[in-house]
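The next block holds one structure in the form of structure tokens; read it before the comments.
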Amino acid sequence: CNDVQELTSIISQFNDLSATARVGGTLTSTMDAMLADIQLKSSKSLEIFHNQCPNFSHLMDNDRFDLAFFRLRTELKHFEHELAWILRQCFSRATTLSSKLTLLNVFYGAYQREVVQRALIHEQQWIIDNLKQEFQLVAQLVNSSNMNYLHWPPLSRQLLYLYGLKQRIDLFMNQFIELCPKIVQSDIGWEIREAYRIAKDKIQRSEDDLYNKLEQSATSQISDLLLQPVF
1 CNDVQELTSI ISQFNDLSAT ARVGGTLTST MDAMLADIQL KSSKSLEIFH
51 NQCPNFSHLM DNDRFDLAFF RLRTELKHFE HELAWILRQC FSRATTLSSK
101 LTLLNVFYGA YQREVVQRAL IHEQQWIIDN LKQEFQLVAQ LVNSSNMNYL
151 HWPPLSRQLL YLYGLKQRID LFMNQFIELC PKIVQSDIGW EIREAYRIAK
201 DKIQRSEDDL YNKLEQSATS QISDLLLQPV F
């Protein structure tokens, strides 16, 4: 029963490959063609299996069903290794954290396969290391000067800068949580969550300081105005 469920999952993921190839999911025409070929071969293998065992009555013929099922399972496992190789090539061509997370999103279903995860173990570690570095960098940038929007008031300009930093780390963290929930909850994931928390807290403290300064400035100006004579 578990084998049948596993093969059903593989077949479903292989069927998605043709759509991915059509939209250029691998970013190279050669790899897209190889993806489409895997989908075609897996469909052909499934068709042969259905021809050999067209209805449930063949389940009673254990030898016939077992032989056809073993052949199908073996071929799909072979295609799975081919897919893992293709994805490894795709990830090697992606050089930024954003591009690698995008690939994980495009091939989310395939990435759940154990064979694929083993093939991408180094890429997974690269993503983890660079996520931590990204959060640590943002924590350092909190106190940096923002040279954009110089026509804005200084406090408004700094608040906009902090908002951008917050959006930057939230985007990466939310993507990673969605794509790799098991890693996020692991011991390695704790390091990522902690680096994210530190960066987020530092941004929040800086925002609070700016709002306090804004409030104090406004209070001071109002007090000065109240001290001025009416006439």
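Residues 1 to 231, numbered by the numbering used here, are exactly what the sequence shown covers, in order.
The C-beta atom is built at its ideal place from N, Cα and C for all residues, glycine as well.
- Taking the CA atoms as reference points, L46 sits about 12 Å from I38.
- By the criterion of a C-beta distance shorter than 7 Å, S42 is surrounded in its chain by I11, F14, L76, F79, once the five residues flanking it on both sides are discounted.
- Look at V142 here: in three-state DSSP terms it is coil, with no helix or strand label.
- Annotated three-state conformation of R113 is coil, per DSSP.
- In the structure shown, the three-state DSSP call for H151 is coil.
- When the alpha-carbon of D32 is set against those of Q140, G109, Q89, the nearest one is in Q89.
- Segment contact: the region 213-225 against the region 163-171, fewer than three CB-CB distances shorter than 8 Å; contact not assigned.
- Between the region 89-106 and the region 135-142 there are fewer than three inter-stretch CB-CB distances shorter than 8 Å, so the stretches are not counted as touching.
- Look at L17 here: in three-state DSSP terms it is helix.
- Counting of Cβ neighbours within 10 angstroms places T26 among the buried residues, the total reaching 16 or more.
- Contact annotation: K132 and I192 have beta-carbon atoms nearer than 8 Å.
- Sixteen is the threshold: when 16 or more other Cβ atoms of the shown chains lie within 10 Å of the Cβ of L35, as they do, the residue is buried.
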